[in-house]
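All the letters of the sequence shown, read from the start, carry residue numbers 1 to 137 under the UniProt record's numbering. Each remark here refers to the structure printed beneath this line.
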Amino acid sequence: MDDLDRSILNILRRDARTPYTEIAERVGTSEGTVRNRVERMLEEGAIERFTVATRTGNVKAMVEVGVAVDVDTRAVSESMADWDAVDYVWQVSGDEDIVLVVDATDTSALNQLITKARELDDVVSTKTRLILNERLG
């Protein structure tokens, strides 16, 4: 990955629907070059998916999950990634092992998700942080 790839990614991070012609103009190359580089980054896994960021008025939170020492963290993460309200699942270092970024319809739905996590045999702890405000970096 070179500086041109990084420039393209920075534009797509802010708006994944930015037309390739506009990206090309902003980074100083051709539309074909941008298209080819995006396709290559998709094939190589540098771009995992194109997604939508929402401002729905829902309750957003980070749910930090600790699992037992002898647990396959990846397997737990993959199962949690399938839960409806979960936007992201991060495996992290520190006191907790997994962080879920959640977009729940209300506090009751968030509490149900936390309870679902706590009911898993492999989970030993949870800690929840409500996201009060977010800005695109």
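Ideal placement from N, C-alpha and C gives every residue a C-beta, glycine not left out.
Who pairs with Lys60 in a beta bridge, going by DSSP? As a working note, residue 60 is residue 60 in the sequence shown. Answer by DSSP bridge pairing, in chain order: Asp103.
Can Glu66 and Thr115 be called in contact, C-beta distance under 9 Å? Locating residue 66 in the sequence shown gives position 66, counting from the first residue. Locating residue 115 in the sequence shown gives position 115, counting from the first residue. Checking the sequence shown, residue 66 turns out to be Gly, not Glu. In this structure, Gly66 keeps its C-beta atom at 9 Å or more from the C-beta atom of Thr115.
Best match in Val69, Ala109, Ala85, Val102 for proximity to Gly94 [C-alpha to C-alpha]: Taking the sequence shown and counting its residues from 1, one reaches residue 94 at position 94. Nearest of Val69, Ala109, Ala85, Val102 to Gly94, Cα basis: Val69.
By the 10 Å Cβ neighbour count, where 16 or more other Cβ atoms means buried, how is Glu39 classified, buried or exposed? Position 39 of the sequence shown holds residue 39. Flag for Glu39 reads exposed.
Starting from the Cα of Ser7, find the closest Cα among Gly45, Asp72, Arg37 and give me that residue. Counting from one through the sequence shown, the residue named residue 7 turns up at place 7. The option with the nearest alpha carbon to Ser7 is Arg37.
Could you pull the start and end residues of the alpha helix (DSSP H) that Asp3 belongs to? Stepping through the sequence shown from its first residue, residue 3 is reached at position 3. The continuous alpha helix (DSSP H) containing Asp3 extends over residues 3-14.
So Glu77 is in the alpha helix (DSSP H); what residue range does that whole segment cover? Translated into positions along the sequence shown, residue 77 becomes position 77. First, the amino acid is wrong: residue 77 is Ser here, not Glu. 73-81 is the extent of the alpha helix (DSSP H) around Ser77.
Cut-off 7 Å between Cβ atoms - residues of its own chain near Leu110, not counting five sequence neighbours on either side: As a first step, residue 110 must be located in the sequence shown, where it is residue number 110. Val59, Ala61, Val102, Ala104, listed in sequence order.
Starting from Leu130, trace the beta strand (DSSP E) in both directions and tell me its first and last residue. By 1-based counting over the sequence shown, the position of residue 130 is 130. Counted as a single uninterrupted DSSP element, the beta strand (DSSP E) harbouring Leu130 occupies residues 123-130.
Can you tell me where the beta strand (DSSP E) with Val86 in it begins and where it stops? Counted from its first residue, the sequence shown places residue 86 at position 86. It spans 86-91 - the beta strand (DSSP E) in which Val86 sits, taken as one unbroken run.
Is it the case that the Cβ atoms of Val76 and Leu120 are separated by a distance below 9 Å? As a working note, residue 76 is residue 76 in the sequence shown. As a working note, residue 120 is residue 120 in the sequence shown. Using a Cβ distance threshold of 9 Å, Val76 and Leu120 count as a contacting pair.
Candidates Asp97, Thr128, Val27, Asp122: which alpha carbon is nearest Gln112's? Within the sequence shown, numbered from 1, the residue matching residue 112 stands at position 112. If we check each option's Cα against that of Gln112, Thr128 comes out closest.
Does the beta carbon of Arg74 sit closer than 9 Å to a beta carbon anywhere in chain B? Considering every chain present, this structure includes no chain B. It has just one protein chain.
Report the three-state DSSP secondary structure of Ile98 (helix, strand or coil). Start at 1 with the first residue of the sequence shown, and residue 98 comes out as number 98. Residue state, collapsed to three classes: strand.
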